[in-house]
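Trainee:
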Amino acid sequence: MNVSEDLINFFKVLGESTRLNILNFIKDEEKSSQEIQKALNKSQSIISQRLKNLIEADIIVVRRKQNKKYYKVKYSQILEIITRTEDLISLKNKAKIDKLTDSDILDTLF
Numbered sequence: 001m002n003v004s005e006d007l008i009n010f011f012k013v014l015g016e017s018t019r020l021n022i023l024n025f026i027k028d029e030e031k032s033s034q035e036i037q038k039a040l041n042k043s044q045s046i047i048s049q050r051l052k053n054l055i056e057a058d059i060i061v062v063r064r065k066q067n068k069k070y071y072k073v074k075y076s077q078i079l080e081i082i083t084r085t086e087d088l089i090s091l092k093n094k095a096k097i098d099k100l101t102d103s104d105i106l107d108t109l110f
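Take the sequence shown: its position 102, counted from the start at 1, is 102 in UniProt numbering, and no numbers get skipped.
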């Protein structure tokens with residue numbers, strides 16, 4: 001099986017904490033770059049670069065209103081992918097904890 005470059009690049013873009021935090025912040029409504037910068041407590045240049053990455057990856061869209069730019073998630077399925085991935089990670093972590101707990105019980109009993 002050959003994984004497409006588009007899929008690899010999509011996950012590369014999502015694989016950075018500031019970009020994920022931006023998506024989380026704008027998931028319910030569009031926000032200005034200033035609002036994003038303030039909420040994430042990052043410099044203007046960092047936010048600007050991460051927004052550019054997300055736009056180029058076709059993950060978010062930008063709308064101009066007067067002299068401000070507003071950003072929103074382009075496809076709701078992107079948020080669904082993130083949520084499902086978080087659920088999978090939680091499930092895997094729970095399984096690890098359960099396995100450790102079972103192991104500790106066996107060590108205690110025997």
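Don't be surprised by glycine CBs; every beta carbon is placed ideally from N, CA and C.
1. Compare the C-alpha of residue 57 against each of 3, 11 and 79 and name the closest.
2. By DSSP, does residue 111 sit in helix, in strand, or in coil?
3. Rounded to a whole number of angstroms, what is the C-alpha to C-alpha distance between residue 80 and residue 88?
4. May I have a chain-ordered list of the alpha helix (DSSP H) segments no shorter than 4 residues that lie completely inside the UniProt domain "HTH arsR-type" (1-93)?
5. Taking Cβ positions, are residue 48 and residue 33 nearer each other than 8 Å?
6. Check the C-beta distance from residue 41 over to residue 19 and give it rounded, since I have them as a contact under 8 Å.
7. Measuring alpha carbon to alpha carbon, tell me which of 36, 22, 7 and 5 ends up nearest residue 68.
Mentor: According to the structure shown:
1. Of 3, 11 and 79, the residue nearest in Cα terms is 11.
2. Outside the shown range of the chain (1 to 110) lies residue 111, about which nothing can therefore be said.
3. Spanning the alpha carbons of residue 80 and residue 88 requires a straight line of approximately 12 Å.
4. The qualifying runs are 5-14, 17-25, 33-40 and 44-56.
5. With respect to residue 33, residue 48 sits close: the two C-beta atoms are nearer than 8 Å.
6. With a Cβ gap of about 15 Å, residue 41 and residue 19 do not count as contacting.
7. Of 36, 22, 7 and 5, the residue nearest in Cα terms is 36.
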